[in-house]
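Residue numbers (this note's numbering), protein chains in the order written: chain P, 1 to 253; chain F, 254 to 311.
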């Protein structure tokens with residue numbers, strides 16, 4: 001039988017599916033779902049129609065409006081993994097673990113999108129799908145770190161061990177995020193430098209607006225995915241709890 | 254510079270990734286709700302001996 005000690009210890013995130021907390025969570029998820037859908041539709045319009053075409057790169061430059069927000073979302077998700085992992089090691093409550101697990105999964109999805117869209121953008125601009133450039137290589141390492149993070153959970157002998165080991169990887173693995181972010185500053189790379197710097201943005205106003213809107217839309221999407229993913233963790237907790245009740249009830253009866 | 258096909262490919266990848274994950278989350282939620290409801294039904298109707306109360310199809 002699955003090890004359920006972790007979910008039984010302190011059910012901090014495990015409001016009953018019919019409780020008022022759960023109902024508020026469901027309503028919030030629905031609200032963010034609608035907001036994210038609308039924002040993504042507007043962001044797509046701004047990226048494809050509103051923003052002016054880049055004279056040098058042509059239509060392929062518009063990949064920027066999805067590639068950079070994917071990278072931002074991945075970094076945000078891994079930062080949440082870091083915070084939740086520290087929280088889990090400190091408090092040992094399943095709620096922190098649920099947040100870390102959910103955010104890690106979403107972060108891996110958006111790192112994948114970042115790598116694939118970057119590769120597609122690189123072909124017409126650099127003439128190659130891939131280059132072992134510091135920015136790209138450290139991004140690929142980031143992908144492997146969080147793939148390992150999720151595999152560690154899947155293959156750990158018990159759920160509690162998986163949560164503990166993953167929390168350590170979630171903290172150490174985050175070291176790669178600032179390395180990826182600063183790679184264009186530290187090394188000479190094929191990848192362009194950051195477009196928004198303290199001294200201002202290196203792009204026209206319409207492009208900047210479309211880009212910032214896309215960042216906001218992706219952030220809403222992250223919140224919606226997180227709410228849904230944590231709901232899954234909560235329901236999983238209740239399912240395991242009830243399965244245990246039935247199993248123990250049957251054994252004792 | 255005509256490289257529209259690269260833009261379309263990148264958009265398709267993003268759409269498949271986001272919609273695919275959304276589909277996975279929705280399916281998983283539905284499965285868990287169905288399993289929970291089945292267990293609740295079983296628990297509500299289970300006799301003290303622990304015999305499953307869910308009616309089996311004949």
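Glycine residues also receive a C-beta, built at the ideal position from the N, C-alpha and C atoms.
Fair warning: this is a prediction, and the values are worked out from it, not measured in the lab.
Remark: C-beta atoms of residue 166/P and residue 104/P approach each other more closely than 9 Å.
Under the DSSP assignment, residue 103/P falls in the alpha helix (DSSP H) whose first and last residues are 94-126. In summary, no residue of the stretch 156-178 of chain P has a CB separated from any CB of chain F by less than 8 Å. Within the same chain, Cβ atoms closer than 8 Å to the Cβ of residue 145/P are found at 169, 173 and 176, the five residues on either side in sequence being excluded. Residue 77/P holds the alpha-carbon nearest to the alpha-carbon of residue 107/P among 129/P, 96/P and 77/P. The stretch 108-119 of chain P makes contact with the stretch 132-146 of chain P; the number of CB pairs closer than 8 Å reaches 3 or more. Annotation: Cβ neighbours of residue 295/F in chain P (cutoff 8 Å, chain order): 246.
Against chain P, the CB of residue 270/F has a partner CB under 9 Å away; the residue lies at that interface.
Judged by their CB atoms, residue 82/P and residue 136/P are not nearer to each other than the 9 Å cut-off. Look at residue 58/P: its C-beta is under 9 Å from a C-beta on chain F. Between the alpha carbons of residue 54/P and residue 61/P lies a gap of roughly 6 Å. With its beta carbon at least 9 Å from every one in chain F, residue 223/P lies outside the interface. DSSP places residue 88/P inside the alpha helix (DSSP H), whose first and last residues are 64-91.
Residue 176/P carries a helical assignment under DSSP once its states are collapsed to helix, strand and coil.
Around the beta carbon of residue 228/P, 16 or more other beta carbons sit within 10 angstroms, so the residue counts as buried.
For the C-beta of residue 281/F, the chain P residues within less than 8 Å are, from N- to C-terminus, 232. Not a single CB atom of chain F sits nearer than 9 Å to the CB of residue 28/P. The beta carbon of residue 206/P sits closer than 8 Å to those of 50, 51 and 52, all from its chain and outside the five residues before and after it, given in chain order. In the displayed model, residue 293/F falls within a helix according to three-state DSSP. For residue 32/P, the number of other beta carbons within 10 angstroms of its own is at least 16, and it is reported as buried. For residue 201/P, the secondary structure class from DSSP, reduced to helix, strand or coil, is strand.
Close CB contacts of residue 40/P within its chain, under the 7 Å cut and outside five residues either way in sequence, are with 217 and 221 (chain order). Using a Cβ distance threshold of 9 Å, residue 101/P and residue 153/P count as a contacting pair. For residue 58/P, the beta-bridge partners assigned by DSSP are 54/P. Among the residues facing chain F, residue 52/P is not included, as its CB has no counterpart in that chain under 9 Å away. Comparing alpha-carbon positions, the option among 157/P, 130/P and 219/P lying closest to residue 35/P turns out to be 219/P. Between residue 296/F and residue 242/P a beta carbon distance of about 6 Å is seen, short of the 8 Å cut, so the two are scored as contacting.
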